[in-house]
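Asks: Structure below; questions to follow.
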Amino acid sequence: MALSRRSVLITGCSAGGIGAALASVFQERGYHVFATARNPSKLPPNLSDAANVTSLTLDVLSSESIAAAVEGVKRETGGKLDILINNSGAGMCLPALDTPIEDGKRLFDLNLWAPLAMFQAFAPLLIEAKGCVVNNSSAGAYSPMALNSKYWISKAALAAASETWSHELQPLGVRTVTLITCAVKTEFFTKYQRDELPASSRYYGIRDFNYGISDGWLQAGAISSRQYATKVAKEIEKGSTGIVWAGTHALLFRFLCWLLPQSLFDMVVESVVPISAEMEKAKQKK
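Here the sequence shown stands for residues 0 to 285, numbered as in the working numbering.
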């Protein structure tokens with residue numbers, strides 16, 4: 000029997016991440032939540048056991064898996080979906096010179112093309128519900144920090160794509176939200192398997208500094224995933240459209256991006272990831 004309550008599908012809901020926090024907040028607000036993961040056993044118990052949560056196996060890189068998820072939602076809702084949150088994603092901490100192109104393409108498949116595949120597949124359900132698509136990008140789309148370029152580039156591409164898609168979806172009655180996510184405390188870095196620099200790399204002398212970027216220090220002092228999810232849910236429910244900044248110091252970061260001259264903003268970025276200073280220290284040691 001079709002459900003009358005509002006519904007939301009969230010990708011990437013494994014325990015300890017942003018997706019799981021979003022699913023919990025929407026579940027508490029009375030939505031029927033479709034919490035998805037490649038392996039549903041990785042969902043937190045509070046989601047797996049909740050009456051208004053449906054766990055779905057979903058690999059966003061598989062058209063067959065996406066199609067099966069669409070059918071699963073249709074059976075529960077009668078052919079509608081109020082909110083689709085494209086949250087799944089991955090990182091890659093390597094300099095551009097040392098990133099294999101094929102690895103970069105796989106990252107783009109997950110961070111850019113998968114959200115497109117998802118909203119294409121769920122478009123009939125979203126249009127029927129006059130719903131909302133939410134694409135989770137990153138502050139990295141606006142701050143070109145070194146040694147993580149493929150991730151930032153893929154998130155910048157998603158932000159630009161999401162804002163473009165919004166103009167195409169608006170005439171169909173579907174609202175689009177582009178999340179610009181600043182630092183959030185999650186378990187991402189505890190599970191991250193670092194990418195190794197080859198000994199031939201021009202950055203091999205600062206390899207420890209490079210590896211340090213993926214050890215979680217960028218999340219130091221960050222807000223919790225629940226605080227973030229609560230902010231995002233409020234923005235969605237009040238009808239926000241377009242770019243929404245969320246996460247640690249999101250408002251401050253937003254103003255720095257817009258107000259500072261490029262030269263000063265570059266200094267701020269360099270202060271966060273001081274690659275030039277580290278390269279100079281490595282050169283002096285050598």
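Here a beta-carbon is modelled for each residue, glycine too, at the ideal position from N, C-alpha and C.
Everything numeric in this text was worked out from a predicted model, so none of it was measured.
#1: So, with DSSP's three-state summary, where would you put residue 225?
#2: Residue 136: which of 256, 129, 213 and 155 sits nearest, CA to CA?
#3: Just tell me which of 18, 120 and 134 has its CA closest to the CA of residue 244.
#4: Taking DSSP as the reference, what is the three-state secondary structure of residue 85?
#5: Alpha carbon to alpha carbon, what distance is there between residue 31 and residue 58?
#6: Three-state secondary structure (DSSP) at residue 38?
#7: On the DSSP letters alone, give me the boundaries of the beta strand (DSSP E) that residue 137 sits inside.
#8: Taking its Cβ as the centre, do 16 or more other Cβ atoms sit within 10 Å of residue 74, making it buried, or is it exposed?
#9: For the beta strand (DSSP E) that residue 193 lies in, which residues bound it at each end?
#10: Under the three-state reduction of DSSP, which class applies to residue 15: helix, strand or coil?
#11: Using 8 Å as the threshold, is the C-beta distance between residue 60 and residue 68 below it?
#12: Mind the definition here: the segment 117-128 touches the segment 92-107 only if three or more C-beta pairs lie below 8 Å; say whether that holds.
#13: Check whether the Cβ atoms of residue 76 and residue 161 lie closer than 8 Å to each other.
#14: Would you say residue 125 and residue 132 are within 8 Å of each other, going by their C-beta atoms?
#15: Can you tell me whether residue 184 is helix, strand or coil according to DSSP?
#16: Which residue from 229, 189, 279 and 11 puts its Cα closest to that of residue 212?
#17: Let me confirm a value: residue 219 is counted as buried when at least 16 other C-beta atoms fall within 10 Å, else exposed. Which label applies?
#18: With DSSP as the reference, please indicate the residues paired to residue 245 in a beta bridge.
#19: Contact between the segment 143-157 and the segment 90-103 is defined here as three or more beta-carbon pairs at a separation below 8 Å; is this criterion met?
#20: Just curious, the beta strand (DSSP E) that residue 212 is in, first and last residue?
#21: Three or more C-beta pairs under 8 Å: does that hold for the segment 261-270 against the segment 201-211?
#22: Using DSSP bridges, identify the partner residues of residue 53.
#23: In chain order, what residues of the same chain have a beta carbon less than 6 Å from the beta carbon of residue 142, not counting five sequence neighbours either side?
Replies: Straight from the coordinates:
#1: Indexing the sequence shown from 1 puts residue 225 at position 226. If DSSP states are grouped into helix, strand and coil, residue 225 belongs with the helices.
#2: For this step, residue 136 is matched to residue 137 along the sequence shown. Considering only 256, 129, 213 and 155, the residue with the shortest C-alpha distance to residue 136 is 155.
#3: The residue given as residue 244 occupies position 245 in the sequence shown. With respect to the C-alpha of residue 244, the residue from 18, 120 and 134 having the closest C-alpha is 134.
#4: Position 86 of the sequence shown, counted from the first residue, corresponds to residue 85. Looking at residue 85 - three-state DSSP - the assignment turns out to be strand.
#5: Numbered from 1 along the sequence shown, position 59 holds the residue referred to as residue 58. Numbered from 1 along the sequence shown, position 32 holds the residue referred to as residue 31. Straight-line Cα distance between these residues: approximately 20 Å.
#6: Along the sequence shown, read from residue 1 onward, the residue named residue 38 stands at position 39. Note: residue 38 maps to coil in three-state DSSP.
#7: By one-based count along the sequence shown, residue 137 stands at place 138. From DSSP, the beta strand (DSSP E) with residue 137 extends over 131-137.
#8: Taking the first residue of the sequence shown as position 1, residue 74 is located at position 75. Answer is exposed; the Cβ neighbour count stays below 16.
#9: As a first step, residue 193 must be located in the sequence shown, where it is residue number 194. For residue 193, there is no enclosing beta strand (DSSP E), as DSSP gives it neither H nor E.
#10: Position 16 of the sequence shown, counted from the first residue, corresponds to residue 15. Note: residue 15 maps to coil in three-state DSSP.
#11: Indexing the sequence shown from 1 puts residue 60 at position 61. Indexing the sequence shown from 1 puts residue 68 at position 69. With contacts defined by Cβ atoms closer than 8 Å, residue 60 and residue 68 do not form a contacting pair.
#12: When Cβ pairs closer than 8 Å are counted between the two stretches, the segment 117-128 is seen not to touch the segment 92-107, the count staying below three.
#13: In the sequence shown, the residue the question calls residue 76 occupies position 77. In the sequence shown, the residue the question calls residue 161 occupies position 162. Going by C-beta atoms, residue 76 is not nearer than 8 Å to residue 161.
#14: Against the sequence shown, residue 125 aligns to sequence position 126. Against the sequence shown, residue 132 aligns to sequence position 133. Contact flag set, yes.
#15: Position 185 of the sequence shown holds residue 184. If DSSP states are grouped into helix, strand and coil, residue 184 belongs with the strands.
#16: Sequence index remark: in the sequence shown, residue 212 carries index 213 (1-based). Looking at the Cα atoms, 189 is the closest of the given residues.
#17: As a working note, residue 219 is residue 220 in the sequence shown. Exposed is the call here.
#18: Here residue 245 corresponds to residue number 246 of the sequence shown, with the count starting at 1. Bridge partners of residue 245: 180.
#19: Touching, per the Cβ criterion.
#20: Counting from 1 along the sequence shown, the entry for residue 212 is found at position 213. Taken as a continuous stretch (DSSP letters only), residue 212 belongs to no beta strand (DSSP E), as it is neither H nor E.
#21: No, the segment 261-270 is not in contact with the segment 201-211.
#22: To locate residue 53, count along the sequence shown from 1; it is residue 54. DSSP, once it has assigned bridges, lists 33 as partnering residue 53.
#23: Here the question's residue 142 lines up with position 143 in the sequence shown. Answer for residue 142: 268, listed in chain order.
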